[in-house]
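What follows is one structure encoded as structure tokens, with my remarks underneath.
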Amino acid sequence: MTNDGCIDQDAFLKKAEEYFKEANKKAIAVRFTMKRYIKPDLVDGNPEYNTDESPKYDISKESGIKVNDTISQNTYNILVRISYGVKLNKHKCSTIVPVDSFDKFWLNYSAVTKNNMDGLIKKKKKKVGKSVSKNKIKKGQ
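Everything in the sequence shown is counted per the numbering used here, starting at 3 for the first residue and increasing by one.
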């Protein structure tokens, strides 16, 4: 497994381009994930991880919090990961994107993705209309 770790945004986009090219050659999938990045506090712990004692950090629909002023107004960076391959041949890297520059990052990432998605195969549609009706007529006679 090759783990390039957490790198800056420009290096991440270059790695993403390399990953797409290698994946297209080998005909394998590229996985892309995003999640809220919470910097771990090893001493005091993070209230975001303990929704029983700190329910204002629970942003899920099931939390049942109705009043907006009790919900945490903190902004979090976004952890973006990309990987391809499996087990010992897995290659992966990640980057942390600040919220205010995420739109610019997303435009650059989508451009890299669109430019390197040439390995897609168009599905063939089955012709159902005419061939089915001819078979029914032959069987009925």
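Beta carbons: idealized from backbone N, C-alpha and C, even for Gly.
Cβ contact check for the segment 21–33 and the segment 101–113: 3 or more pairs under 8 Å = Touching, no.
Whole-angstrom C-beta distance between V82 and S96, which should lie under 8 Å = Right, their Cβ atoms sit about 6 Å apart.
Own chain, CB closer than 7 Å to D120, minus 5 neighbours either side, in chain order | N26
Thinking C-alpha only, which one of Y78, K94, K92 is nearest P42?
-> With distances taken between Cα atoms, P42 lies closest to Y78.
Name, in chain order, the residues that DSSP records as bridge partners for T35.
-> R83
Residues near A18 in its chain [Cβ-Cβ closer than 6 Å; skip 5 each side] = I84, V114
If you draw a straight line from the C-alpha of K94 to the C-alpha of N76, how long is it?
-> 29 Å
Is it buried or exposed for G87, if we count other Cβ within 10 angstroms and need 16 for buried?
-> Buried, by the Cβ-count rule.
Take F34 and list the residues in its own chain whose beta-carbon comes closer than 6 Å to its own, dropping the five residues that flank it on each side.
-> If we look at F34 and ignore the five residues flanking it on each side, its Cβ neighbours are I84.
Tell me the DSSP bridge mates of V130?
-> V130 pairs with nothing; no bridge assigned.
Note down, in chain order, each residue of its chain lying with its Cβ closer than 6 Å to the Cβ of Y11, except the 5 sequence neighbours on either side.
-> In the sequence under discussion, the amino acid at residue 11 is Gln, which differs from the Tyr named in the question. Sequence-distant Cβ neighbours of Q11 in its own chain, meaning closer than 6 Å and more than five residues away, are T97, F107.
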